[in-house]
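Colleague: Each residue of the sequence shown is one higher than the last, beginning at 828 in this note's numbering. Dropping a structure here in C-alpha cells format, bear with me for questions.
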Amino acid sequence: MTATAAPPVGRLTGDAPDAVDPTGPRRPWWRRRRAQSEPGEPGGRTNWWLTGLMIFLSLSILVPMYLVVVTALKTPDQLTGAGFDLPSPVTFGNFGEAWRLTDFPRSALNSAVITVGAVVLTLLTNSMVAYAIARNMHRRLFKGLFFYFIAALFVPFPILMLTVAKLTAQLQLDNQAGLILLYTVFGLSFNVFVYVAYIHSIPRELEEAARMDGASPWTVFWKVIFPLLRPMNATVGIITCVWAWNDFMLPLVILSDPEAATLPLQQYVFQAQFSTNYTVAFASYLLAMIPLLVVYVLAQRWVISGVTRGAIK
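The structure is reproduced here in C-alpha cells:
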C-alpha cells in the first residue's frame, strides 16, 4: 500500500494548485489589525502628533479670539483682573462708542471702495499677465518676466515706501484710485506665482478647440480660461480683500485727504500717547471683522475647490 503525500500546508486536497486553504497559517492578530486599519480610516490608528499639532494651532487662534471678545464686553475697571475672566456685567456700550469714534459708516465705506476696486482690478489684470506668461514660458522673455516677479517677493515694502509716497504725490495719485493701483501692482508677484501654477494644469486642448472654431486670443481667455480660474480667483480675491481691508501702512503713507481715511486709520484714534482704550478698540476690531467673515463664508467653497484640485494634480 502506497502512502499518499500530505497536501501542502495551506492548500486544499483535490483543488487547483493556486487554491489556498483559509484554515492555513495566518499572520498574528496585531499584524492583521495593522494591515486592515490605516490612519485616517474608521477604526484606524490615531496620529497623536498630528492631533496635538492641530489642537495647538486651533488654540493659538481661539484663545486670542476669546480674549478679544471678552475684552470688548468689559468695562475699563474690569481689565484689572485676569484677562480670561468673563465680563460681569456684560457691556455692549463699547460697540456704540467704537462706532461713533471711528465714524464707522464713512470709514467702512472708504475701505469697501478701496477693497472692491483692488480685488476687481487684481483679478482682471493679474490673471491676464499670468496667462500670457504661462502659455509662453518657453520663450526667454516671458521666463525672465516670471523670475523677475518672483524676485520681487523678496523686496520688503519699507525699502520702497518713501519713493512710492513721493511718486504718487507727484502723479496726483495720493487718493483712493492710487491706493487701488498700488494694491494691484504690489500683489502682482504672488498672484502671478499662484496663477501660473494653476494655468499649467488646464489642458491646452481646450484652447486649441476654441481657436479651431475661430476664437481670438482675447475670446479664448475670457470665454475658456477665465471661467476655469474661478477657484483660483476666489483664493486671490480673498487674499487681496483681507490685505486691502486690514492694511494700515499704505493708506497712512499714500492718502492725503482725511475724509478718505480707511477703517484701520480711524482705529488709530484709540492709541493715545501713554494709554490705549482696549475695550473700545477691541469692540471696533470685532466690527471690522464682520464684513471679512461674510466674504469668506460666501467664497470658501471656491477656495477649498482650488486647494483640492491643486492637491490632486
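Beta carbons are placed, not taken as given, at the ideal position from N, Cα and C, and that holds for glycine. Predicted model only: the values in this text are computed from it and were never measured.
Only counting the same chain, and skipping five residues up and downstream in sequence, which positions put a Cβ closer than 6 Å to that of Phe976?
Modeller: Counting only Cβ-Cβ distances below 6 Å, and skipping sequence neighbours, we find Ser1016, Val1019.
Colleague: For Leu1114, which of Thr873, Val896, Leu886 has the nearest alpha-carbon?
Modeller: If we check each option's Cα against that of Leu1114, Val896 comes out closest.
Colleague: With DSSP collapsed to three states, give me the class of Gln863.
Modeller: With a pLDDT of 49 at Gln863, under the threshold of 50, the modelled position of this residue cannot be trusted, and the question is left open.
Colleague: Decide if the stretch 1054 to 1070 is in contact with the stretch 927 to 939; the criterion is three or more beta carbon pairs, one per stretch, under 8 Å apart.
Modeller: Touching, no.
Colleague: Straight-line CA distance for Gln863 to Leu880?
Modeller: Only weak support exists for where Gln863 lies, its pLDDT of 49 falling under 50; the coordinates are left without a value.
Colleague: Give the straight-line distance between the Cα atoms of Arg861 and Gln1127, rounded to the nearest whole angstrom.
Modeller: Note that Arg861 scores a pLDDT of 49, beneath 50, so its modelled location is shaky; the value from the coordinates is reported in the next line. Roughly 36 Å separates the two Cα atoms.
Colleague: I need the straight-line Cα distance from Ile1081 to Tyr1123, nearest angstrom please.
Modeller: The straight-line gap from Cα to Cα measures roughly 28 Å.
Colleague: Let me confirm a value: Thr1067 is counted as buried when at least 16 other C-beta atoms fall within 10 Å, else exposed. Which label applies?
Modeller: Classification for Thr1067: buried.
Colleague: Per DSSP, which residues does Gln1094 bridge with? Please list them.
Modeller: Answer by DSSP bridge pairing: none, since Gln1094 is not bridged.
Colleague: Take Lys1050 and list the residues in its own chain whose beta-carbon comes closer than 8 Å to its own, dropping the five residues that flank it on each side.
Modeller: Contacts found: Ala1037, Ala1042.
Colleague: Would Thr1062 be called buried (16 or more neighbouring beta carbons within 10 Å of its own) or exposed?
Modeller: Classification of Thr1062: buried, given that the 10 Å Cβ count is 16 or more.
Colleague: Compute the beta-carbon to beta-carbon distance between Ala1071 and Thr942, rounded to the nearest angstrom, for a pair I have assumed lies under 8 Å.
Modeller: Right, their Cβ atoms sit about 4 Å apart.
Colleague: Going by Cα to Cα distance, which pick from Lys993, Leu1006, Thr1046 is closest to Met955?
Modeller: For the residues Lys993, Leu1006, Thr1046, the minimum Cα distance to Met955 belongs to Thr1046.
Colleague: May I have the straight-line CA-CA distance separating Leu894 from Ala1108, to the nearest angstrom?
Modeller: Computed Cα separation, rounded: 13 Å.
Colleague: Whole alpha helix (DSSP H) runs in the stretch 949 to 1033 with 4 or more residues, listed along the chain?
Modeller: Those alpha helix (DSSP H) runs which fall completely within the stretch 949 to 1033 and span 4+ residues are 967 to 979, 984 to 997, 1003 to 1013, 1015 to 1026.
Colleague: Label Ala945 either buried or exposed according to how many other C-beta atoms from any shown protein chain fall within 10 Å of its C-beta, with 16 as the threshold for buried.
Modeller: Counting Cβ neighbours within 10 Å, Ala945 comes out buried, since at least 16 surround it.
Colleague: If you follow the alpha helix (DSSP H) that Ala1071 is part of, which residue opens it and which one closes it?
Modeller: That run of the alpha helix (DSSP H) goes 1057 to 1073.
Colleague: Which residue wins for smallest C-alpha separation from Val769, given the options Asp1084, Leu900, Met1116, Thr990?
Modeller: Since the displayed the chain opens at 828 and closes at 1140, residue 769 lies outside it and no answer follows.
Colleague: Checking 8 Å against the spacing of the C-beta atoms, do Thr907 and Thr918 come in under that value?
Modeller: No. Outside cutoff.
Colleague: If I measure Cβ to Cβ from Phe1075 and keep anything under 6 Å in the same chain, skipping five residues before and after, which residues do I get?
Modeller: Contacts found: Pro1091.
Colleague: Measure the beta-carbon distance from Thr949 to Tyr1025 and round it to whole angstroms, keeping in mind my assumption that it falls under 8 Å.
Modeller: About 15 Å separates the two Cβ atoms, so there is no contact after all.
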